[in-house]
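Before any comments, here is the structure.
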Amino acid sequence: MPTIALVNPRFDVSYWGLEHALPIVRKSAAMPVAGLPLLAALTPPRYDVTIVDENVEPLDFDSLARADIVGVTGMNVQRVRMRQILHELKQRRAFTVVGGP
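Throughout, the working numbering is defined as the position within the sequence shown, counted from one, plus 221.
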């Protein structure tokens, strides 16, 4: 079965990351990213789709590179981390696609 890994990069500490505000309201996230679950739901069942949110768990680049396709998404505030992720995956010769809101 072909595999697809969808990656949401972590947010660096910033106003947009909400690292300081979330503990005050006892939350781990303010607004979950819905694009990757939507893409996974729309993917034909013949594909095995994995979603990895770096804000929740660390990335295993070797594992990601074994996927047939690695999709990386992000917003403008995540662009630096997106480039780092893509660089790591390129070194492992992974087939990557990039998109975002």
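Glycine included, each C-beta is placed from N, C-alpha and C at the ideal position.
{"Asked": "According to DSSP, is Gly292 helix, strand or coil?", "Found": "strand"}
{"Asked": "Roughly how many angstroms separate the alpha carbons of Val227 and Leu259, rounded to a whole number?", "Found": "Inspection of the sequence shows that residue 227 is occupied by Leu rather than by Val. Their backbone Cα atoms lie some 11 Å apart in a straight line."}
{"Asked": "Determine which residues share a DSSP beta bridge with Asp274 and list them.", "Found": "Asn229"}
{"Asked": "To the nearest angstrom, report how far apart Met303 and Ile225 are at their CA atoms.", "Found": "17 Å"}
{"Asked": "Pop quiz: Val318 and Gly292 are said to be a contact at Cβ under 8 Å. What is the actual Cβ separation, rounded to whole angstroms?", "Found": "5 Å"}
{"Asked": "Between Arg231 and Asn297, is the Cβ-Cβ spacing less than 8 Å?", "Found": "no"}
{"Asked": "Please state whether DSSP places Asp281 in a helix, a strand or coil.", "Found": "coil"}
{"Asked": "Using a 10 Å radius around the Cβ and a threshold of 16 neighbouring Cβ atoms, would you call Leu280 buried or exposed?", "Found": "buried"}
{"Asked": "Going by beta carbon distance, what residues of the same chain come within less than 6 Å of Asp274, once the five residues before and after it are set aside?", "Found": "Asn229"}
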